[in-house]
Amino acid sequence: LFVPGVADRATIERLVREIDGPLNVLAGAGTAPVAELATLGVRRVSQGSGPARAALATARRVVHELRTRGTYAGYTADAISYAEANRLFERGGSR
3 LFVPGVADRA TIERLVREID GPLNVLAGAG TAPVAELATL GVRRVSQGSG
53 PARAALATAR RVVHELRTRG TYAGYTADAI SYAEANRLFE RGGSR
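Just so you know, the sequence shown maps onto residues 3 to 97 in this note's numbering.
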């Protein structure tokens, strides 16, 4: 059962006890780490739109830096290489 919006330990423990089946929660800022959720009995942790929104936040920072300072550190400091980016899209590529 997918239950978005639940993050507190007591509620998760109750859901695990009372639901006849695996519990899937949606990760968010207040969600416990995966290992702790597994200990509580959570079977799946969905990411939802979180990774995409994080990528958009990076894009917004890059654009802001370019507009306000005319510099590129916002994406050059932590960017993966072009070759590595291409490998991610190869069949069986690294993840």
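Just so it is clear, CB atoms sit at the ideal spot from N, CA and C, and this is done for glycine as well.
Check: For the alpha helix (DSSP H) that leucine 90 lies in, which residues bound it at each end?
Finding: One-based indexing of the sequence shown puts residue 90 at position 88. Secondary structure note for leucine 90: its alpha helix (DSSP H) is the uninterrupted segment 84-90.
Notebook entry, point to check: Can you tell me the Cα-Cα spacing of aspartate 80 and proline 6, whole angstroms?
Noted result: Numbered from its first residue, the sequence shown carries residue 80 at position 78. Numbered from its first residue, the sequence shown carries residue 6 at position 4. Roughly 31 Å between the two C-alpha positions.
Next item on the list: Check each candidate in Ala9, Tyr77 and Glu38 and name the one with the smallest Cα separation from alanine 61.
Entry: Taking the sequence shown and counting its residues from 1, the one referred to as residue 61 is at position 59. Among Ala9, Tyr77 and Glu38, the Cα nearest to that of alanine 61 is on Tyr77.
Check: Going by DSSP, what residues sit across from arginine 16 in a beta bridge?
Finding: Counted from its first residue, the sequence shown places residue 16 at position 14. DSSP, once it has assigned bridges, lists no residue as partnering arginine 16.
Note to self: On the criterion of 16 or more Cβ atoms from any shown chain inside 10 Å, does threonine 82 qualify as buried, or is it exposed?
What the structure shows: Taking the sequence shown and counting its residues from 1, the one referred to as residue 82 is at position 80. Before going on, a small fix: residue 82 reads as isoleucine here, not threonine. When all chains shown are included, isoleucine 82 counts as exposed.
Check: Using 8 Å as the threshold, is the segment 44-53 in touch with the segment 26-33, meaning 3 or more CB pairs across them?
Finding: Three or more beta-carbon pairs drawn from the segment 44-53 and the segment 26-33 are found closer than 8 Å, and the two stretches are therefore classed as touching.
Item checked: Which of helix, strand or coil DSSP assigns to arginine 69 -> Sequence index remark: in the sequence shown, residue 69 carries index 67 (1-based). Helix at arginine 69.
Next item on the list: May I ask which residues mark the beginning and end of the alpha helix (DSSP H) holding valine 36?
Entry: What you label residue 36 is simply residue 34 of the sequence shown in a count that begins at 1. Where valine 36 is concerned, the enclosing alpha helix (DSSP H) stretches over 36-42.
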